[in-house]
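Some notes on the structure that comes next.
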Amino acid sequence: MKKSYYITTPIYYVTDAPHIGHLYTTVAADILAGYHRLIGEEVWFLTGTDEHGQKCEKKARETGETPQALADRVVERYKIAWHRYGIRYSDFIRTTEERHKKVVTHYIEKLMKTGDIYLAEYEGLYCVPCETYWTETQAEGGKCADCGRPVEKLKEESYFFKMSAYEKKLLEHLEKHPNFIYPESRRNEVLGFIRQGLKDISISRTTIQWGIPMPQDPGGKKANKEHKVYVWFDALTNYLSALGPLENNPKVAQYWPNAIHLVGKDILRFHAVYWPTFLMALGLPLPKQIVAHGWLTDSNRKISKSLGNAIDPMALAEEVGVDGMRYFLFREFVFGLDGEYTKEVMIQRINSDLANDYGNCISRVCSMILKYCGDAPVAIEKILSEPCEPRDAVGEAIPVFHNEMQSYGFQKALEAVWKMIASVNRYIDSQAPWALAKSSDPADKEKLKKVLFQCHEALRVASVFLLPIIPTSARKALKTLGASESHSGDAPLLQKSGWGQGPKEIKVEKPEPLFPRLENKA
Ligand code: MSP
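Sequential numbering from 615 applies to the sequence shown in the numbering used here.
In structure tokens, the structure reads:
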């Protein structure tokens, strides 16, 4: 049976159009989904939008729309951007959809019955933009521990979730599953937080209108209509509600145990503490892993709409190309860490790696094949049975690539691919095909053919590996190399990416520039 893989992105607030930070998480998920598909797994890839709560309500007031109209309008911006970037999600969930609201209500009702959700009075320091309560110690100097903005004293009647009851169980889970939170530095942060003691948390709000109403309290003590479900409990549930009903649902059985939540470091605690304890209370299994990545920064500040330094992915797609962006984001930055975004570095990276190294190399090799060997198909099986430098480079890169892709080391995985490409460039220089072509010795003619097709093979393998990362360009490259079939069929990343596993006969096409050189117009 095929292995199953379930990858999720956070669901994005519809307060604004997507920016480069949202693109980063979504492309990461798409690369992982693509990789796992290409190694033959069955993949479910979920993304969507977080549409309730105070932030959306406030934004709609500002724009003079209803919150629903705001959500309907902004969700299109996300869908258009993801389409532009070739994001192949399996499902897109919106928290205002009936299928989602039903599940949230059902879970809360269930926990009200078990007593895990109860009514009490709450007084605390609240950060409106983050929709989070903080303790006195957390909100040092009256500032939100996350965003640094001032907190307000707020007192309200609220429903609470008995998170404290699951502290021990959560710690045990983390100890038993050391990879549950990745990377390790983030796991340690979460462990530190849990060890300070988990308190019950407020999971309803009376200060907002725009949310899922709390269901009727079975004790009948209170009319709950004025209570809305706290947006984080609403939002987190999307990962399950999108799979459909829990009982007798093959999709849940297949994918839920393999769920991987990809999140930015700012929302790790919600995913690594709130969500698992909520699931424990419901008696449901936990996801397999929560992976936290760093931020893209601008002068060391998080890039975000509210800080006014957001960068529009649609403009970037026009300017540097979709695959240029996809490559840059995952070659330049270490996935778990923050990365400083600058346009100069981006343009430099795309020009040097994609236009010069990869693009030029393909064009050089294909042009020489056409020039020196003609355009009839060439049988390459025998040629590829011999040792050579590019073959060694491919052999070395393959295990590194897979290991890194499976442990979120995108940067190192790409470095491994570029080592193959570099070996081809070196090999061309050392073997000087142009000199061999001038020779009248028939042995040199044979050698010329051999050298060119050995280079060709390393480029074919490199392109197969690049399919999940820069899908459009890698496919185009394979077509030029006359090896399109190498990316179709079952698990091409396993079955077609070894030396000599491509087509037995090659007919290359006249190369066209894969990546135009970019100019820094600024
Ligand atoms: N709606 C919540 C998530 C609920 S998931 C159940 C939310 N939305 S968000 O739109 O504010 O952010 C979504 C994701 O984008 C987060 O993972 C966040 O880390 C990521 N990014 C936002 N800005 C970012 C950068 N500058 N860099 C990298 N990712 C960042 O939080």
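Each residue gets a CB set at the ideal place from its N, CA and C atoms; glycine is no exception.
- Item | Any 3 or more C-beta pairs closer than 8 Å across the stretch 1044-1056 and the stretch 960-976 | no
- Query: Ile874 and Lys902 look like a contact to me (Cβ under 8 Å); what is the Cβ gap, rounded to whole Å?
  - Reply: Confirmed, about 6 Å.
- Task: Let me know if Leu725 comes out buried or exposed under the rule of 16 or more other beta-carbons within 10 Å of its beta-carbon.
- Result: When all chains shown are included, Leu725 counts as buried.
- For Lys842, which three-state DSSP category applies? strand
- Item | Check: Trp824 C-beta below 7 Å from any heavy atom of ligand 1 | no
- Query: Quick one, which of Gln830, Glu737, Asp880 and Ile795 has its alpha-carbon nearest Ser815's?
  - Reply: The residue asked about is misnamed: residue 815 is Ile in this sequence, not Ser. The residue with the shortest Cα to Cα distance from Ile815 is Glu737.
- Message: Our contact map puts Gln1068 next to Pro1004 with C-beta atoms below 8 Å; I'd like the distance itself, whole angstroms only.
- Response: 5 Å
- Query: With respect to the alpha helix (DSSP H) encompassing Ser799, which residues constitute its N-terminal and C-terminal limits?
  - Reply: Start and end: Glu798 to Arg809.
- Would you kindly work out how many angstroms separate the C-alpha atoms of Ile826 and Asn863, rounded to a whole number? 25 Å
- For Gly988, I'd like the list of residues in its chain whose CB is within less than 6 Å of its CB, leaving aside the five on either flank, ordered along the chain. none
- Message: Quick check: the Cα distance between Pro890 and Tyr626, rounded to an integer number of angstroms?
- Response: When rounded, the separation of the alpha-carbon atoms in Pro890 and Tyr626 is 20 Å.
- Query: With 16 as the cutoff for other CB atoms within 10 Å, does His1070 come out buried or exposed?
  - Reply: By the neighbour-count rule (16 or more Cβ atoms within 10 Å), His1070 is buried.
- Query: Does ligand 1 have a heavy atom nearer than 7 Å to the CB of Thr677?
  - Reply: no
- Message: Suppose the cutoff is 8 Å on Cβ atoms and the five residues either side in sequence are ignored; what does the same chain contact list for His633 look like?
- Response: Ile917, Ser918, Lys919, Ala924, Ile925, Asp926 and Pro927
- Message: Quick test of your reading: Ile904 and Phe794, contact by CB under 8 Å. State the CB separation rounded to the nearest angstrom.
- Response: 7 Å
- Message: Give me, in chain order, the residues of the same chain whose beta-carbon lies closer than 8 Å to that of Leu785; leave out the 5 immediate sequence neighbours on both sides.
- Response: Residues of the same chain with a CB within less than 8 Å of the CB of Leu785, apart from the 5 flanking positions on each side, are Leu805, Ile808 and Arg809 in chain order.
- Query: Looking only at DSSP bridge pairs, what is Trp1048 linked to?
  - Reply: As computed with DSSP, Trp1048 is found in no beta bridge at all.
- Within 7 Å: the Cβ of Asp937 and any heavy atom of ligand 1? No, the beta carbon of Asp937 sits no closer than 7 Å to any heavy atom of ligand 1.
- Query: Ordered along the chain, which non-local residues of its own chain (more than five positions away) have a Cβ less than 7 Å from that of Ala647?
  - Reply: Ile621, Val657, Phe659 and Arg702
- Item | Same chain only: Cβ atoms within 8 Å of Val948, ignoring 5 sequence neighbours per side | Here the set comprises Gly908 and Gln1025.
- Residues that DSSP places opposite Pro764 in a beta bridge: Lys757
- Simplified DSSP state of Trp1032, which is helix, strand or coil: helix
- Query: CB Tyr955 to CB Ala1051, shorter than 8 Å?
  - Reply: no
- Message: With H, G and I counted as helix, E and B as strand and the rest as coil, what does DSSP make of Lys633?
- Response: The displayed chain sequence assigns His, not Lys, to residue 633. Here His633 sits in coil by DSSP.
- Query: In the stretch 1059-1128, which residue ranges form an unbroken beta strand (DSSP E) of at least 3 residues, counting only runs that do not cross its ends?
  - Reply: none
- Query: Counting Cβ pairs closer than 8 Å, one from the stretch 847-864 and one from the stretch 728-742, do we hit at least three?
  - Reply: no
- Task: Count the other CB atoms, across all protein chains shown, that sit within 10 Å of the CB of Pro1106; report buried if there are 16 or more and exposed otherwise.
- Result: buried
- Message: Here's a check: name, in chain order, each residue in its chain whose Cβ is nearer than 8 Å to the Cβ of Ser778, leaving out the five neighbours to either side.
- Response: The answer, listed in chain order, is Gly811, Leu812, Lys813 and Asp814.
- For the candidate residues Ser1077, Glu1119, Ala1036 and Ala1088, whose alpha-carbon lies nearest to that of Gly1112? Each of Ser1077, Glu1119, Ala1036 and Ala1088 was checked against the Cα of Gly1112, and the nearest Cα belongs to Ser1077.
- Query: Secondary structure at Phe659, three-state DSSP: helix, strand or coil?
  - Reply: For Phe659, the three-state secondary structure derived from DSSP is strand.
- Secondary structure of Tyr626, DSSP reduced to three states: strand
- Query: DSSP state of Ile874, grouped into three classes?
  - Reply: strand
- Query: Any heavy atom of ligand 1 closer than 7 Å to the CB of Trp1113?
  - Reply: no
- Item | Proximity below 8 Å, CB of Phe774 to CB of Ile731 | yes
- Task: State whether the stretch 990-1005 contacts the stretch 1115-1131, with contact taken as three or more CB pairs (one from each stretch) at a distance under 8 Å.
- Result: yes
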